[in-house]
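Take a look at the structure below.
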Amino acid sequence: MKAKKWFGIGMAVTLLSSVALVGCGSKDTASDTNSGDAAKPAEAQEINLSLGDEIPSLDSSKATDNIAFNMLGQVMEGLTRLDAKGKAIPGVAKDWKVSSDGLTYTFNLRDDAKWSDGTNVTAKDFEYAWKRTLDPKTASQYAFMLAWVKGGEAYNQGKGTADEVGVKAKDDKTLEVTLDHPVPFFAEQMSFPLFYPQKQEFVQKQGDKYGGDADKVLFNGPFKMTAWVHEQSATLVKNDNYWDKANVKLDKANYQVVKDSGALENLYESGQLDRIGLVRDQIDRYKDSKEFGTVPELTNGYFQYNEKNKLFTNANIRKAFTYAVDGDQYADIVYHNGTKGATGFVPSGTSNGNGGDFRADNGDLINRKANAPKAKEFLQKGLQELGLTEVPHVKLLSDDGDVSKKASEFVKEQWRQNLGIDVEIENVPFKLRLQRTTARDYDIVLSLWGADYNDPMTFLDMWVTGGDFNENGYSNPKYDDLIHAAQKEPDGKKRMQAMYDAEKILMDDMPVGPVFFRASAVLTKPYVKGWVTHVSAPSSDLKGVYIEGKK
């Protein structure tokens, strides 16, 4: 997931009051598992959380960020959900069958799956939603994830028709999906917001306003949104039409937008928030508290170099800017929470498909210890190749939260010290940063990417030529060939080798400069129970959360 604008650098802290990414199957140390008892607790079941910024959209075809993904995850449901180990379990689909060649999935929908207006969720709602996402007129940046469906890529590129797309409602309760090639994690992927259903009649009635307000969305998940005060707050209540409402214990979830880390801490200490993320300066104060926890993530932080700027068409220039920033020092000064300096683009902990770690397999492709002292040499070589005598004025685009500002200042100083370059910082609101990145209105942008699923492809397919999230203009035919080969390769070892090779090309070309692999620190009130999180969006799941022991 920026994932694929998942995060803004500074959003991490406030997002963690409602989101804390962890490796599949693990829990942060400040949370408890759900007892599984459907009996409703006697205490008031209300939780208070925060958001790092405004929710950009609740249109599942157009959402691209973690705030939207995680809010959608509470109010919507796909064919599957994820269990505590990150494995697919029944959602709207009560069961499914896979053909022997792995190309055809038949999902059988449950009879009691309903929309918040009381009408039935049907297979047609999924067919409509997926085809709407693929429709070129929708301009969905996440349509590439449906390209694996037969005919999906052709339709999205205007070379095919909707009728040729391999998603068919056989009847109201049977959805048949035909893939272009086997996708080993397809059942898990059905829990991702892009694959949620949409009721055609409702969507078309709302027009361009669909997903923009609480009354402009129809919900089929454990909760429904009853209020959305833009830039300020959102309120969720239990959805009485949800098929599994007996196992939803919270009656209400209150969210407020909080960008300032100090304000966030004060709200937690005063009992107005039940879970928050911590920034570096706060961690030492709480590290011995029973409410403190750390959570690993599958999230990387990196520079994107816009090749519309002549300066960044040169690989040596890009390497100079990357190597000049000490990733480990960045991780300690900005985060100090288990975040580590990046050693490649794919973060540590990403599955190699065979029980191992992709990052460990592919090694350290950054090698800052050897390359950092050569940063100025890379810079001078690049300038010479470009016919320049000095570096033109460069701007760094980032978010406007506390952490982003601290990160930007650190990076600015690193480039000043190690390259002799004084860059201009542009700290802007998260939503504007997303818009400007998409429009390629930047020189360098500091970005984050969180896994949409636990596989290296979620980090690598974005950089193919013309990819929806290729927002810097990078193009390398050899890289494209390897990614396309990996996407269609049925042999697991050959598929992984293609991605190992592709990442090496990416790091040699350096269109993106990895800085860190992120972890997070959180505080959770002891009365918050059942908090389980995942590496992929939606990374938080309030369905099993409940309040117990609150004084």
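Numbered per mature numbering (1 follows the signal peptide of the UniProt record, and there is no 0), the sequence shown spans residues -22 to -1, 1 to 529. We put the beta carbon where it would ideally sit given N, CA and C, even for glycine.
Expressed to the nearest angstrom, what Euclidean distance is found between the alpha-carbon atoms of residue i and residue j?
i, j, result
"TYR308", "THR317", "9 Å"
"LYS102", "ALA71", "13 Å"
"ASP439", "GLN184", "33 Å"
"GLU467", "VAL76", "18 Å"
"GLY30", "VAL236", "6 Å"
"PRO407", "PHE170", "26 Å"
"PRO114", "ALA107", "13 Å"
"GLY129", "GLY138", "7 Å"
"VAL513", "ASN332", "18 Å"
"GLN23", "ASP193", "24 Å"
"ASN86", "VAL127", "18 Å"
"ASP310", "LEU343", "21 Å"
"HIS159", "GLU131", "12 Å"
"ALA46", "SER28", "13 Å"
"MET168", "GLY428", "17 Å"
"SER326", "THR156", "32 Å"
"TRP509", "GLY199", "17 Å"
When we look at the beta-carbon of residue i and count the other beta-carbons within 10 Å, is it buried (16 or more) or exposed?
i, result
"LYS177", "buried"
"ARG394", "exposed"
"ALA302", "buried"
"ALA117", "exposed"
"ASP90", "exposed"
"GLU402", "exposed"
"PRO351", "exposed"
"THR300", "buried"
"VAL207", "exposed"
"ALA224", "exposed"
"residue 537", "Lying before the first or after the last residue shown, residue 537 is absent from the chain, which here runs from -22 to 529."
"ALA8", "With a pLDDT of only 35 at ALA8, under the threshold of 50, the placement of this residue in the model should not be trusted, and no figure is reported."
"GLU243", "buried"
"THR204", "exposed"
"ASP79", "exposed"
"GLU404", "buried"
"residue 533", "Outside the displayed span of the chain (-22 to 529) sits residue 533, for which this structure offers no information."
"PRO455", "exposed"
"ALA345", "Residue 345 is actually Asn in this sequence, not Ala. When all chains shown are included, ASN345 counts as exposed."
Below 8 Å on the Cβ atoms is my contact criterion, and I expect residue i with residue j to pass it. Report the Cβ-Cβ distance as a whole number of Å.
i, j, result
"LYS286", "ARG418", "6 Å"
"GLU179", "VAL145", "About 19 Å; that fails the 8 Å criterion."
"GLY271", "THR443", "41 Å between Cβ atoms; not a contact."
"ASP252", "ILE25", "5 Å"
"VAL324", "GLU481", "6 Å"
"ARG258", "HIS314", "4 Å"
"ILE422", "LEU374", "5 Å"
"GLY64", "GLY56", "So it is not a contact: roughly 15 Å between Cβ atoms."
"TYR457", "TRP441", "7 Å"
"ASP37", "TYR188", "6 Å"
I need the DSSP call for residue i, collapsed to helix, strand or coil.
i, result
"ILE461", "helix"
"TRP221", "coil"
"TRP108", "helix"
"TYR452", "coil"
"ASN305", "The residue asked about is misnamed: residue 305 is Gly in this sequence, not Asn. If DSSP states are grouped into helix, strand and coil, GLY305 belongs with the helices."
"GLY491", "strand"
"ALA515", "coil"
"ARG418", "coil"
"VAL523", "coil"
"SER211", "strand"
"ILE25", "strand"
"VAL76", "strand"
"LYS528", "coil"
"THR291", "helix"
"THR152", "strand"
"GLU32", "coil"
"TRP509", "coil"
"ARG496", "strand"
"ARG296", "helix"
"GLU467", "coil"
"TYR174", "coil"
"LYS65", "coil"
"THR(-9)", "Low per-residue confidence applies at THR(-9): pLDDT is 38, beneath 50, and the placement is therefore not dependable, though the value from the model is reported in the following sentence. THR(-9) falls in the helix class under three-state DSSP."
"PRO274", "strand"
Under a CB-based cut-off of 8 Å, is residue i close to chain D?
i, result
"SER329", "As a matter of chain content, chain D is missing from the structure shown, which is built from one protein chain."
Cβ contact check for the stretch 269 to 284 and the stretch 484 to 498: 3 or more pairs under 8 Å: yes
Inter-stretch contact (C-beta, 8 Å, three-pair minimum) for the stretch 314 to 330 and the stretch 356 to 372: no
Touch test, the stretch 430 to 439 against the stretch 464 to 479, Cβ-Cβ under 8 Å, three pairs minimum: yes
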